[in-house]
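See structure below.
Protein chains: 4
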Amino acid sequence: MKKFNVGILGATGAVGQKFISLLQGHPWFTVTALGASERSAGKKYAEAVNWIEAVELPDDIAQMTVLECDPTKMSDVDLVFSGLDAVVATSIEESFAKAGIPVISNAKNFRSHPNVPLLVPEVNPDHIEMIKNQSFDPAGKGFIVTNPNCVVVPLVLALRPLYDAFGIKAIVLTSMQSVSGAGYPGVASLDILGNVVPFIGGEEPKIASEPMKLFGQLKSDLTLEMADFPIEATATRVPTIEGHMLAVTVEFEKKPQDLNAVIDVLKNWVSPLNGMNLPFAPKIALKVYDDERYPQPRKNAYNENGMQVGIGRIRKSNVFDVSFVALGHNTIRGAAGGAILNAELLIQKGFIK
Amino acid sequence: MKKFNVGILGATGAVGQKFISLLQGHPWFTVTALGASERSAGKKYAEAVNWIEAVELPDDIAQMTVLECDPTKMSDVDLVFSGLDAVVATSIEESFAKAGIPVISNAKNFRSHPNVPLLVPEVNPDHIEMIKNQSFDPAGKGFIVTNPNCVVVPLVLALRPLYDAFGIKAIVLTSMQSVSGAGYPGVASLDILGNVVPFIGGEEPKIASEPMKLFGQLKSDLTLEMADFPIEATATRVPTIEGHMLAVTVEFEKKPQDLNAVIDVLKNWVSPLNGMNLPFAPKIALKVYDDERYPQPRKNAYNENGMQVGIGRIRKSNVFDVSFVALGHNTIRGAAGGAILNAELLIQKGFIK
Amino acid sequence: MKKFNVGILGATGAVGQKFISLLQGHPWFTVTALGASERSAGKKYAEAVNWIEAVELPDDIAQMTVLECDPTKMSDVDLVFSGLDAVVATSIEESFAKAGIPVISNAKNFRSHPNVPLLVPEVNPDHIEMIKNQSFDPAGKGFIVTNPNCVVVPLVLALRPLYDAFGIKAIVLTSMQSVSGAGYPGVASLDILGNVVPFIGGEEPKIASEPMKLFGQLKSDLTLEMADFPIEATATRVPTIEGHMLAVTVEFEKKPQDLNAVIDVLKNWVSPLNGMNLPFAPKIALKVYDDERYPQPRKNAYNENGMQVGIGRIRKSNVFDVSFVALGHNTIRGAAGGAILNAELLIQKGFIK
Amino acid sequence: MKKFNVGILGATGAVGQKFISLLQGHPWFTVTALGASERSAGKKYAEAVNWIEAVELPDDIAQMTVLECDPTKMSDVDLVFSGLDAVVATSIEESFAKAGIPVISNAKNFRSHPNVPLLVPEVNPDHIEMIKNQSFDPAGKGFIVTNPNCVVVPLVLALRPLYDAFGIKAIVLTSMQSVSGAGYPGVASLDILGNVVPFIGGEEPKIASEPMKLFGQLKSDLTLEMADFPIEATATRVPTIEGHMLAVTVEFEKKPQDLNAVIDVLKNWVSPLNGMNLPFAPKIALKVYDDERYPQPRKNAYNENGMQVGIGRIRKSNVFDVSFVALGHNTIRGAAGGAILNAELLIQKGFIK
């Protein structure tokens, strides 16, 4: 198989660094271009970046010269991963798509665009078809695909089997989010050591709205019939490094016979990616924990290289139908790793050649 | 005013130590007897205890000889505070009550007893009357009063004004509880550093049931008509030292006109203890935070010596009527300090002389 | 006794906020002026500040209008406390001294000035006389006094008795410093949660040099004969909130008879402030711990309102003469609280009237 | 190459679990026997253990029946790894050696035995020869080899090049040790969250004495001429999970020309294991960091699967010759992983067949 040349937009930021780390040794992708702000462009990457990843900065990447985030200067790529800041993402991502370069973005800017898939490959792979309605590149080569907010990823993965089996009427959840979700430098240690902060700006509306698109029904005209159920979220920050933990309670449309029916649905669910051999697809996308002490962020967020979502404490709810906790690695599964899996699916489906 | 001699049952345990710390310099109470297990009895307190309180062990307490938890050996007290382990609390507490000694207990054993008040002075002070139906001591001098679980205290304080104004139909909450709630040694550092544990054994049933008694209606025969609404709780442990944080969403019986009506009810609520001059009563029992980043455990749990409960992020709920977060100091307001306030109210009402 | 009107320079910063917190209810001082940058000047303090102190912002302070740090605009004060950033402290502090206003500074700018006392009242109170050689204000009313680096304060307090009894030939130490030492936002949580950072920029040279001035001998011409012994320090950052911990090993000039002789010197040492009734002077300035598990930052840094220094684990050194650990509260004893105690001594000695 | 059958002594403990985790997929070793206390013997491993490793308990191990730690019951093994508690290790380890089974032990019991190597393969591989003087098994097949304390491992790896080049006269160090060093449940979270504990029982004497044996000179009679220089250590516990950090200052016998001479010696040092292809040998055994912010426990302890030691902040000392910080993964490099590497070297050298 030929390898694809990939560029990273926002290569010096926290998400950009995660893309670089995760793509080391990837069987399909070779990082050949690093894009960042004008301030960094022209410098060696090692000089432009404050490297915060735990793995060491690879030598070949360190020596690469940082480019401007401009499709004319990063033309020799088959696709770009975008870890751009929302402040600049709209125009840059659009310029790449227009230039015929697929943009696999972690930024929030195009998540609600009617023709841009908000994609979690195990959850709504059919939404990829929406690309065909995009008009950025009349030649059809360039397009934009996004992945959702880092809390939404474990939420929709845990809910997919339940939504299909029982329908969802309402959800109440509390998220306990790790500090890496705020980027770097992000949360001040004085604010979070031995503490909980009960507010994360902008987070709760995303948690309430993005699942509506993810569970949307693709119509024959390749537009979406959005799902429609209320989600009440309290987003909090806790002193963990990686892994967002959710405490969720759900009311179903159709009452399950009993709790075992719910657990069976979760345990018997089969990811639509099974058998596709996508390098970043976890063998078990949704792991069901029987031991009520799990999943836990520090111990389980890195399962299957951070791409597996965990669900545990599945029990009857006193108020709704069922309650559970879910865990996902926020900077891998919920960000860069999720975007890489999106790219893999796009290749497998023939959208990137 | 005369000072009362008080004994501490379970004086070497974490709750017992907190009683001792908090009672230093108390204007009404003098600690004159320390009761612990046979293993400790006969030793100087300083030798029997592994002192874990941040304040230093007071010299006079250090020199006291530990006694057995037996009313014949601790007879020279006007009341006892019980920090006994649940395994031994039933018979010991009963023996003191029978011997005519009021027992102000933090143990869970008698919390659901039909004639024992489960008391939070600002929430259900009238429940004190239930003591009159107790039969431990025919002479009426000895009795048992309990305080609720450490999550339930901030919950019912935050809900009291709302329950009165709007009635409550259902509650969903997630608690983020500090490690001090598990006593000492309690939670292993390997389990909780940089982590969240999504389960605390036995906690969720208490959170669901105790508020039913606290909001119960005292009938003319001094029995309770229990409240009746479902509470769905997910109890989690987070790496904080003191202060239990709750994310709560509530459905009311009567719809408030708007969010301001709810906030007004909370801000205008007046504690029934106001004007009583009880030493441990906070000036503001329920503080309403307007800044959405607060309350926070590390910064706000110690407000008013740990006796104030905080409520913040009051907002319209997408699913129910209103959501908020609440915070209470678990080992002070939710345990030893709450018990001391109970004793103060009992004295003020003439139940202890 | 008349109360002194005090101004705070750098009132919106972390040190300035600590000054405001600590001065609430001070029997000698009333905060009457708050100075900050031009950006803040003219605003209400509550609007200009991002209040990070755990105690609530006092209402009267909240309503004060922030002034520029200019002696003509803050003229109605008897002294100022400076929590200014080093970038601007030199000219501002000098302007106040020239205007006849005593400056009690926590900034490092004048610490090595030959006529400016680097003062820890229990350690070198006689150095106050150096003020008389200052030429900022010919009228002699305005002057500058500084307090040392936050690691140096517990170090010199622990060493004072030993230096006097045995002389010091060499010191090796490691500091384990809390995150509050870096101000706000300071250390990123991603850098320090569950981690140790083995470097703090600029810290080690201060630790090596400032004690030479503090242990300097005041000569008849009011200049100092500096002490002269080498200090090797490794300054590290650890995930604690308040309290700098030091592991110290010392070689003496004169060999003590045995370890007990060293411990006796420490236990029998009497602070020169005893009997002076300075409000911020701790009753026991240097507490000797016999239990080898103490002192500990979280449990002991707040002793005596954060003004007491702890020393423990005093033992024979395999390499030098004696080893010990020492602890001091960095933002109280090692910064704002230390400066307030300096001001109190200056008043008691008649330097501020 | 044939695979060796290995048994784990103390298989249910923290060290035993780490052996099991690390040996998964090992190219030379297959775990075929699990020994634990009588209480556990006879149970399935999954039922006997409270599994605390982050990786999941492997299925085949989970199903194995736990045996007693008795060589007659674990006879079908080529060697055993011992993670036994010191209380029982002496007699059990001796019984296996006598039965002709090599014991690669992490326990401290035989570390100071005159004929038992205290082995770090990169540091003193020649000490293996001491085995020939052991008399446990006259047939020469059974023997005992130990690895040192978890602080000593990074210390001697960092010192080996310096000791050879310059000789060592004295060392002062402070260790900042992670909570995993205390096993499970080990350190109570109430003791260490946001705190430093300045004492670890029994640790400092080991740090002072074990390096003397490790740097000992093997004589022709296969006994050791011990090294002889003083080490003053302060062992502290900090809130990190894995990785012991050391701040070290060293006085040399021969003065290096300058700091660069010291750095060159460290950078140019070549591990004696290079070229041997031992599976657990790190490619770079001692990594020299130029960036003064590193190494850090959370970010660097897992380098090369936790087998690499890091050294940084190499600088001239004000008191001695040179100072630096060093880091090693305590439960891998400093315990189970180190023991596995010992076994690999023993096989490579023909001591286990």
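Protein chains in written order, with this note's numbering: chain A, 1 to 353; chain B, 354 to 706; chain C, 707 to 1059; chain D, 1060 to 1412.
Where a beta carbon is used, it is the ideal one built from N, C-alpha and C, also for glycine.
Remember, it's a predicted structure, so these values are computed and weren't measured experimentally.
Per DSSP, R1019 of chain C is one residue of the beta strand (DSSP E) stretching across V1015 to K1022. G789 of chain C has its alpha-carbon roughly 25 Å from the corresponding atom of N983 of chain C. Put simply, the backbone Cα of K426 of chain B is about 11 Å away from that of G360 of chain B.
With a threshold of 8 Å between beta carbons, K299 of chain A makes contact with chain D. Against chain A, a Cβ distance below 7 Å from T602 of chain B picks out V172 and E232.
The segment 1107–1119 of chain D and the segment 1367–1384 of chain D do not touch, with fewer than three beta-carbon pairs separated by less than 8 Å.
Per the coordinates, the alpha-carbon of L1249 of chain D lies some 16 Å from the alpha-carbon of I685 of chain B. Residues of the segment 189–203 of chain A that bring their beta carbon within less than 8 Å of a beta carbon in chain D comprise L193 and G194, in sequence order. Around A760 of chain C, the beta-carbon contacts reaching into chain B at under 8 Å are R651, K652, N653 and Y655. Here the segment 415–434 of chain B makes contact with the segment 369–388 of chain B; the two share three or more CB pairs at distances below 8 Å. Taking the beta carbon of M918 of chain C as reference, no residue of chain D falls within 7 Å; the closest one sits roughly 12 Å away. Non-local C-beta neighbours of P125 of chain A in its own chain, meaning closer than 7 Å and more than five positions away in sequence, comprise P272 and L345, ordered along the chain.
If only uninterrupted alpha helix (DSSP H) runs of at least 4 residues are considered, those enclosed by the segment 267–333 of chain A are 297–300 and 303–306. In the DSSP assignment, R237 of chain A falls outside any alpha helix (DSSP H) and lies within the beta strand (DSSP E) extending over I231 to R237. In the displayed model, G703 of chain B falls within coil according to three-state DSSP, outside both helix and strand. The beta carbon of P1176 of chain D sits closer than 6 Å to those of H1186, I1187, M1189 and V1204, all from its chain and outside the five residues before and after it, given in chain order. For the segment 367–380 of chain B, there are no residues whose beta carbon sits under 8 Å from a beta carbon of chain D.
Residue environment for R745 of chain C: exposed (fewer than 16 other C-beta atoms within 10 angstroms of its C-beta). Using a Cβ-Cβ cut-off of 8 Å, S175 of chain A does not count as an interface residue toward chain C, since no Cβ of chain C sits closer than that to its own. Counting C-beta atoms within 10 angstroms of its own C-beta, V440 of chain B has fewer than 16 neighbours from the protein chains shown and is therefore classed as exposed.
L824 of chain C is bridged by DSSP to C:T852. The beta-carbon separation of D438 of chain B and G366 of chain B, rounded to 7 Å, stays under the 8 Å limit for a contact. Under the Cβ criterion (8 Å, minimum of three pairs), the segment 613–624 of chain B does not count as touching the segment 552–559 of chain B.
Taken in chain order, the complete beta strand (DSSP E) segments of 3 residues or longer contained in the segment 1078–1131 of chain D are 1088–1095.
Using a Cβ-Cβ cut-off of 8 Å, V179 of chain A counts as an interface residue toward chain C, since at least one Cβ of chain C sits closer than that to its own. Beta-carbon to beta-carbon, L1386 of chain D and G1302 of chain D are separated by about 6 Å, close enough to satisfy the 8 Å threshold.
The Cβ atoms of G1397 of chain D and N1208 of chain D lie no closer than 8 Å to each other. Going by DSSP, M598 of chain B is part of the beta strand (DSSP E) stretching over H597 to F605. V893 of chain C has a beta carbon lying within less than 8 Å of a beta carbon in chain A. Residue burial is scored here from C-beta neighbours: V123 of chain A has at least 16 other C-beta atoms within 10 angstroms and is therefore classed as buried. Classified as exposed, S797 of chain C has fewer than 16 neighbouring CB atoms from the shown chains inside 10 Å of its CB. At a cut-off of 8 Å between C-beta atoms, F1379 of chain D counts as an interface residue with respect to chain C. The closest CA to that of L79 of chain A, considering only A:N5, A:A336 and A:E225, is found on A:N5. The Cβ-Cβ distance between P239 of chain A and G547 of chain B falls below 8 Å. Taking 8 Å as the cut-off, the Cβ atoms of D1223 of chain D and E1310 of chain D do not count as close. Rounded to the nearest angstrom, the Cβ distance from L612 of chain B to L526 of chain B is 19 Å, too far for a contact under 8 Å.
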